[in-house]
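Line by line, the protein sequences are chains A and B. Residues in the first sequence are numbered consecutively from 1, following the numbering used here. Residues in the second sequence are numbered consecutively from 338, following the numbering used here. In this text, a Cβ means the ideal position worked out from N, Cα and C, and glycines have one as well. Please read all numbers here as calculations on a predicted model, not as lab measurements.
2 protein chains.
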Amino acid sequence: MTATVKPRSEGDSETFIDRLQEDLSEDLGATEALLHTRAASPVAVIPNLSGYIVSAGGKRLRPLVTLAAARAVGETSHGTHALAAAVEFIHTATLLHDDVVDESDLRRGKKAAKNLWGNSASILVGDFLFARAFTLMVETGNLEILDILSQAASIIAEGEVRQLAAAGRRDLPTEEYLAIIEAKTAALFEASARAGALSAGGAEHAEALAAYGRNLGLAFQIVDDALDYGGTTSVIGKSVGDDFREGKVTLPVIIARRRGDAEDIAFWDRVLDVDQQRESDLAHAIHLIRSTGAADATAAEARAYAELAKAALNTLPQNTWTRALRQLADFCLNRVN
Amino acid sequence: MTATVKPRSEGDSETFIDRLQEDLSEDLGATEALLHTRAASPVAVIPNLSGYIVSAGGKRLRPLVTLAAARAVGETSHGTHALAAAVEFIHTATLLHDDVVDESDLRRGKKAAKNLWGNSASILVGDFLFARAFTLMVETGNLEILDILSQAASIIAEGEVRQLAAAGRRDLPTEEYLAIIEAKTAALFEASARAGALSAGGAEHAEALAAYGRNLGLAFQIVDDALDYGGTTSVIGKSVGDDFREGKVTLPVIIARRRGDAEDIAFWDRVLDVDQQRESDLAHAIHLIRSTGAADATAAEARAYAELAKAALNTLPQNTWTRALRQLADFCLNRVN
């Protein structure tokens, strides 16, 4: 009789996350317990809906950043676990609201919560998780961390509104795109890393870890935006073409439009008005993004930020955890969902 | 030449609020300044939308409770003003999300923000204001207050979900109705009063002021629910019949149904399924609520909570501000919008 062993291969990036989760299993276990107990409520919809999305196969990237950042510079504590759970709750609340805002029907390869419980429940349970995130943060008793995370939360919302206002804007400058993803995505990775460092008494490394988190978040989001034009829905969790159908102007589109000829530009200018989109437009958009080299250029941009993330760790003690944080940056580049 | 003087009459309850706002003008001015500066953002939609709703003629009841509670037991400070602004931001964020959830077209007698900026902007600007509320709270540097307000925020969201789950529930017990309004409305009044007391160094009076706030909030919400079946849309800000059209089971309905004969019960059981409502149903509902005495019984219930609120102040120093808080309870009973 052979025990069933989960196959592992060194080069497999999914395996890296599995291993990191295993290495941090004690910390992650404490964090998971908080994600479970703090989403509890006598109002059944709340644990049902939040349980559905919290356990929907997320990789816990932000908690992993908090935990590994803390380990890299010191010891983890209940405060670290509370923060790791808090950043995941903030992220989850954002996902719930995003799904309503974007009218997305899939999330992490499953039906979006709003399609099962309705928009109203998704909005209100998001608010609940957001509030519970703050209660968890208050438990750390650290006002500096509270300030960082509450500011990150308003920057995220600001980024989301900015993205909404930019939808369909044909001439969106690259800098505006980067400002949007820095706010809506990188700010939480940055706060996750910084808060982890501070919770472990590593104030002198907080800036470096914040820079790591910010650049990691930028790389992560750029890859995410590239994935929207690659792969197939049957393989990846994110529905290909979601951003396209919402008229979101992301880096692959900005580059492809910039490099296109007059006909290509006319194409982009039509399809970025979502009401003008036709059935075959997504396939042509993907074609243009590949043929103009915009897909490669987008990947190169993500790689550059991942390198900046890794370089930010150079001033830190070099140990298992700084190594893991570097590998996490590579993982974000190579992920397929 | 006669200066234009705003007419005043002692018995006019609107006048009482004007006077209270005047008596607290310095504190309220500092609070208003925070409501303005802390809603600032380079993303124009944010100050535009929040400015629209924040300045849409709200009475600032929750900030007034915080400020008067602080004055009743001590001195106000920047911390008090920050808390007063924070509770108004939390309230405003809730209104923005409520309008999306309830599909209300009117708010404070004006078009709901979502009808001008869309649901998505209302959700995200609500999130922004909620985050800014926490940043304001962190400025007080008082972890006890942070804990109280973050817990209040999750209780509010829990109450909203509970209300959503109860929509159309024909046999909603009075106790469940009270639990819902205690969570969705009274918890913030309670936290507003308690935080005000704590910010002014009046910890020994915090429990009494919390009880005041809770009972005031219950009275306020019961009156609100009664107003949904009285007055005319041309006079009052809240659209009459909003709750009815959403199938919300509120106290006037619970009492009218309980007191009704078989035909009345059949009527309620049909109309609480919003898909079964007909044009003339609202008028009949109002008729039943009046003829069964449910309107009077609802008013009596509100009066009882207002009395409990006033009685909770008996252990406090008796001064201008405890008197103002008592008058505020009467104001909540007598308001027409």
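At a cut-off of 9 Å between beta carbons, ASN115(A) makes no contact with chain B.
A distance below 6 Å between beta-carbons, with the five flanking residues on each side excluded, links ILE145(A) to the following residues of its chain, in chain order: ALA195 and LEU198.
Sorting LEU515(B), THR587(B) and GLU583(B) by C-alpha distance to the C-alpha of ASN552(B) places LEU515(B) at the top. When Cβ-Cβ separations below 9 Å define contact, ASN456(B) makes contact with chain A.
The count of Cβ pairs closer than 8 Å, one atom from the segment 501 to 511 of chain B and one from the segment 384 to 397 of chain B, stays below three, leaving the stretches out of contact. Taking a contact to require three or more Cβ pairs closer than 8 Å, the segment 133 to 151 of chain A and the segment 249 to 258 of chain A do not qualify as touching. For the segment 144 to 177 of chain A, the set of positions with a beta-carbon nearer than 7 Å to some beta-carbon of chain B reads LEU146, ASP147, SER150, GLN151, ALA153, SER154, ALA157, GLU158, GLU160, VAL161, ARG162, LEU164 and ALA165 in chain order. DSSP places LYS310(A) in the uninterrupted alpha helix (DSSP H) bounded by 294 to 312.
ASP561(B) and THR403(B) have their C-alpha atoms spaced approximately 21 Å apart. Boundaries for TYR566(B): no alpha helix (DSSP H) harbours it, and the DSSP string shows neither H nor E there. If only complete runs of 4 or more residues are kept, the segment 383 to 465 of chain B shows the alpha helix (DSSP H) at 398 to 410, 415 to 439 and 450 to 454, in order along the chain. DSSP, reduced to helix, strand and coil, places GLY554(B) within a helical segment of the structure shown. Nothing from the segment 409 to 428 of chain B brings a Cβ to less than 7 Å from some Cβ of chain A. Nearest C-alpha to GLY230(A) among GLU307(A), ILE289(A), ASP273(A) and ALA112(A): ILE289(A). Listed in chain order, the non-local C-beta contacts of VAL45(A) below 6 Å within the same chain comprise ALA121, local neighbours out to five positions each way being set aside. For chain B, none of the residues of the segment 264 to 278 of chain A brings a beta carbon within less than 7 Å of one of its beta carbons. Under the 9 Å criterion on CB atoms, VAL138(A) is classed as interfacial with respect to chain B.
Nearest neighbour of LYS310(A) by Cα position, chosen from ARG162(A), ILE222(A), TYR212(A) and ASP273(A), turns out to be TYR212(A). Note on SER50(A): 16 or more other CB atoms within 10 angstroms of its CB, so buried under the neighbour-count rule.
In this structure, the CA atom of SER192(A) is about 44 Å from the CA atom of PRO510(B).
Between ILE427(B) and PHE668(B), the beta carbon gap of about 21 Å keeps them out of contact (Cβ cut-off 8 Å).
Cβ contact annotation for GLY496(B) (same chain, cutoff 6 Å, sequence separation greater than five): ILE517, ALA520 and LYS521, in chain order.
Spatial neighbours of VAL271(A) in its own chain (CB-CB distance under 6 Å, excluding positions within 5 residues in sequence) are listed in chain order as GLN277 and ASP281. The beta-carbon distance between LEU20(A) and LEU328(A), rounded to whole angstroms, is 7 Å. This is short enough to meet the 8 Å contact definition.
Pairing TRP321(A) with PHE130(A), the inter-Cα distance amounts to about 29 Å. Taking 9 Å as the threshold, the shortest C-beta distance from VAL249(A) to chain B does not fall below it.
ALA166(A) carries a helical assignment under DSSP once its states are collapsed to helix, strand and coil. The Cβ atoms of TYR389(B) and LYS451(B) lie no closer than 9 Å to each other. In this structure, the alpha-carbon of LEU24(A) lies about 58 Å from that of ALA636(B). Counting C-beta atoms within 10 angstroms of its own C-beta, ARG660(B) has fewer than 16 neighbours from the protein chains shown and is therefore classed as exposed. Straight across, the Cα-Cα distance linking GLY584(B) with ARG507(B) is about 9 Å. Annotation for ALA632(B): ALA563, TYR566, GLY567, PRO589 and ILE626 place their beta carbon closer than 8 Å to its own, counting only its chain and skipping 5 residues before and after.
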